[in-house]
Amino acid sequence: IGGSVATVATSSPGVAAVAAVPPGKGGERGNCEVGPFSRRGPWECGAVREAGAQGSVSGRASESPPRLGGAVVVEDQPDVSAVLSAYNQQGDPTLYEEYYSGLKHFIECSLDCHRAELSQLFYPLFVHMYLELVYNQHESEAKSFFERFHGDQECYYQDDLRVLSSLTKKEHMKGNETMLDFRTSKFVLRISRDSYQLLKRHLQEKQNNQIWNIVQEHLYIDIFDGMPRSKQQIDAMVGSLAGEAKREANKAKVFFGLLKEPEFDVPLDDEDEEGENEEGKPKKKKPKKDNVGSKSKKQDPNAPPQNRIPLPELKDSDKLDKVMNMKEAARRVRLGPECLPSICFYTFLNAYQGLTAVDITDDSSMIVGGFADSTVRVWSVTPKKLRSVKTAADLSLIDKESDDVLERIMDEKTASELKILYGHSGPVYGTSFSPDRNYLLSCSEDGTVRLWSLQTFTCLVGYKGHNYPVWDTQFSPYGYYFVSGGHDRVARLWATDHYQPLRIFAGHLADVTCTRFHPNSNYIATGSADRTIRLWDVLNGNCVRIFTGHKGPIHSLAFSPNGRFLATGATDGRVLLWDIGHGLMVGELKGHTDTVYALRFSRDGEILASGSMDNTVRLWDAVKAFEDLETDDFTTATGHINLPENSQDLLLGTYMTKSTPVVHLHFTRRNLLLAAGAYSSQ
């Protein structure tokens with residue numbers, strides 16, 4: 140077949156289609172239309188359907204799938220029996236080991252430049268050949284095949300192999316999600332044309348049809364022209380459940396710029412205060428002041444249109460808060476390698492391993508903990524106590540016109556440092572304060588997300604959409620919208636005044652473990668146990684970026700304040716940095732020895748802080764990490780990334796706790812770093 144091979148899964152039993160694609164052209168995404176072939180409502184166009192190119196569908200397809208708007212649309216969850224029946228075309232079971240070891244010998248003896256690329260084939264071929272043997276009930280051959288070759292696979296596939304080793308009978312395969320994922324989502328390999336031709340020639344010469352069938356049916360080979368990648372370049376990008384992302388998946392335009400700040404007058408007393416405090420450091424503050432002013436006047440060329448998604452209007456209280464924020468920003472410490480932030484650590488004592496989530500308000504006045512005993516506890520971390528609003532009878536006696544009405548409606552009798560919120564019936568895994576500090580979200584193992592009022596400290600709404608534990612939830616930076624992600628492998632977008640989700644983002648192959656809004660609120664990042672990070676467009680539910688490279692489930696995400704970059708942390712202890720506009724990995728920060736649970740950029744983006752289960756907080760030089768990025772056309776086209784050998788040059792400091800894993804980080808408006816975690820006695 141001329142050009143690169145793009146393989147398209149069809150939902151008919153035992154059929155795979157091969158679409159001929161002109162060189163340099165990749166797949167095209169199916170239009171998210173609601174029609175006879177879509178099982179989702181108009182709000183729920185979230186599922187990403189991979190589609191072939193517009194070239195003719197040829198090869199072993201007995202029927203072409205229906206077309207919508209010129210792109211092949213494929214059902215995203217074919218039924219189990221149809222999926223499994225693809226394993227019917229089997230070869231001689233006794234020869235499987237010979238086939239595999241023959242290919243292994245060929246790859247290991249090939250030139251170094253091709254060996255690294257072709258070695259990517261070992262794992263997917265091993266899995267599919269094993270499953271084919273099991274499905275066709277050659278149990279002893281399957282066992283022998285598994286035992287002989289499973290030790291050759293990369294260490295980051297160990298968890299998947301453990302699941303695989305438990306599938307020893309055909310019956311086991313029926314309800315197994317991992318099995319279905321592996322079969323329905325094509326494993327993606329990115330290989331240079333030279334290496335691919337070498338492989339094809341070898342398999343044809345040896346007439347090794349069994350392996351060639353698997354390559355054509357179960358793998359998606361993303362071919363590029365140019366130099367093959369080095370082992371180091373490949374290692375940086377592989378490791379996810381379904382291989383690498385197709386390059387096409389990261390080509391869509393993303394508006395990563397910030398929205399224009401609304402303009403309003405800052406009261407004069409602000410200037411007077413500025414004058415009094417100017418001694419000593421006028422230089423640092425003056426440019427900052429202009430910066431805030433100019434930011435609101437100039438439109439960022441990469442920003443989405445202001446009205447691309449409807450955002451809530453600013454209330455008077457929000458404007459007051461913005462003014463306070465600007466005053467604080469004027470006194471903000473400019474961080475850098477020579478000026479590191481102080482770190483204030485909040486340790487939760489006697490939490491008995493039960494602290495499962497933490498959040499801190501934007502103005503750093505309150506801290507919330509979610510606990511394994513189903514409670515949500517809110518503390519005031521300033522001398523100002525937490526108070527509830529008075530009862531209706533008492534409120535009727537208050538003069539509504541008085542200036543201090545907001546103070547008067549609060550009931551002093553209820554003042555306390557801690558409020559406990561009861562309502563969940565399982566551990567609370569995620570918490571998030573609204574930007575205006577009036578509301579709090581919590582999500583739990585009980586499958587619900589709850590919205591709490593911080594005026595009355597009562598539950599206002601329980602959002603029921605997930606059927607399984609909800610691992611994370613987060614408010615949009617503008618309030619009103621929030622996102623949740625859970626064990627059901629989808630993320631959902633909600634609005635506080637709708638009891639059903641507005642969008643369902645489907646595409647991950649395992650639990651959605653963490654969620655984050657982009658600073659402009661037009662995009663949502665999700666991290667998953669399938670070891671990928673996806674970026675979703677809130678407007679239409681499309682997946683616009685897929686980032687692979689982590690070797691374990693993702694547990695933390697942080698966008699840089701300018702919206703251009705994303706930092707991600709996982710159980711592999713690495714922090715990876717991504718350029719959102721180009722869809723490329725641009726950095727790898729090594730140092731942590733355990734899961735990275737917390738990531739946060741400083742307010743101006745000069746420093747990235749990471750917190751881990753290894754009981755340390757590390758500070759990294761974000762300015763240096765992102766400067767001089769190689770994003771030429773070749774890098775963007777092929778995904779050849781050259782990461783600096785030594786990330787220690789970027790490490791500015793490591794701060795250890797005695798025995799407290801770090802689960803949350805937060806920079807105050809003046810750039811003091813707050814960290815939180817529960818003391819663990821072991």
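Using the numbering used here, the letters of the sequence shown map in sequence onto residues 140 to 821.
Beta carbons: idealized from backbone N, C-alpha and C, even for Gly.
- Lys385 and Gly666 have their C-alpha atoms roughly 18 Å apart.
- Here His289 really is in contact with Leu300; their C-beta atoms are around 5 Å apart, less than 8 Å.
- Short of 6 Å from the beta carbon of Phe326, and not among the five residues preceding or following it, lie these beta carbons of its own chain, in chain order: Pro263, Leu358, Ala381, Gly382.
- DSSP places Leu459 inside the alpha helix (DSSP H), whose first and last residues are 455-469.
- Within the model, the alpha-carbon separation for His341 versus Trp351 is close to 10 Å.
- Beta-bridge partners assigned by DSSP to Glu727: Leu715.
- DSSP lists Ile746 as the bridge partner or partners of Asp760.
- If you draw a straight line from the Cα of Thr734 to the Cα of Ser334, it comes to about 36 Å.
- Met505 is bridged by DSSP to Ser519.
- Boundaries of the beta strand (DSSP E) harbouring Met795: 790-795, taken from the DSSP string.
- Rounded to whole angstroms, the separation of the alpha carbons of Ser583 and Glu344 is 56 Å.
- With contacts defined as CB atoms closer than 7 Å, Ser615 and Phe656 qualify as a contacting pair.
- Taking a cut-off of 8 Å for Cβ pairs, the segment 370-379 and the segment 668-682 touch, as three or more such pairs fall below it.
- Between Arg757 and Thr793, the C-beta gap is smaller than 7 Å, which places the two residues in contact.
- According to the DSSP assignment, Phe596 belongs to no alpha helix (DSSP H), since it is labelled neither H nor E.
- Per the coordinates, the alpha-carbon of Val515 lies some 13 Å from the alpha-carbon of Ile499.
- By the Cβ-count criterion, Tyr607 is exposed, with fewer than 16 other Cβ atoms from all chains shown falling within 10 Å of its own Cβ.
- Straight across, the Cα-Cα distance linking Asn577 with Pro443 is about 28 Å.
- Setting aside the 5 residues that flank it on each side, Gly493 is surrounded in the same chain by Phe510, Ala511, Asp512, each with a C-beta closer than 7 Å to its C-beta; the list follows chain order.
- Boundaries of the alpha helix (DSSP H) harbouring Gly241: 235-248, taken from the DSSP string.
- Assigned with DSSP and collapsed to three states, Ala511 falls in coil, not helix or strand.
- Taking each of His244, Gly744, Met268 in turn and checking the Cα distance to Glu766, the smallest one comes out for Gly744.
- Here DSSP, grouped into helix, strand and coil, assigns Phe288 to helix.
- By the CB criterion at 7 Å, Asn754 and Arg447 fall outside the cutoff.
- Beta-bridge analysis with DSSP links Asp733 to no other residue.
- Excluding five sequence positions before and after Lys763, the CB atoms of its chain that fall closer than 7 Å to its own CB belong to Leu789, given in chain order.
- Inter-residue distance for Ala706 and Asp291 is about 31 Å (C-alpha atoms, whole angstroms).
- Between Val609 and Thr495, the CB-CB gap reaches or exceeds 7 Å.
- In the DSSP assignment, Leu579 falls within the unbroken beta strand (DSSP E) covering 578-583.
- Comparing alpha carbon positions, the residue from Val683, Gln297, Phe245 closest to Pro692 is Gln297.
- In the DSSP assignment, Leu812 is bridged to Ile482, Phe806.
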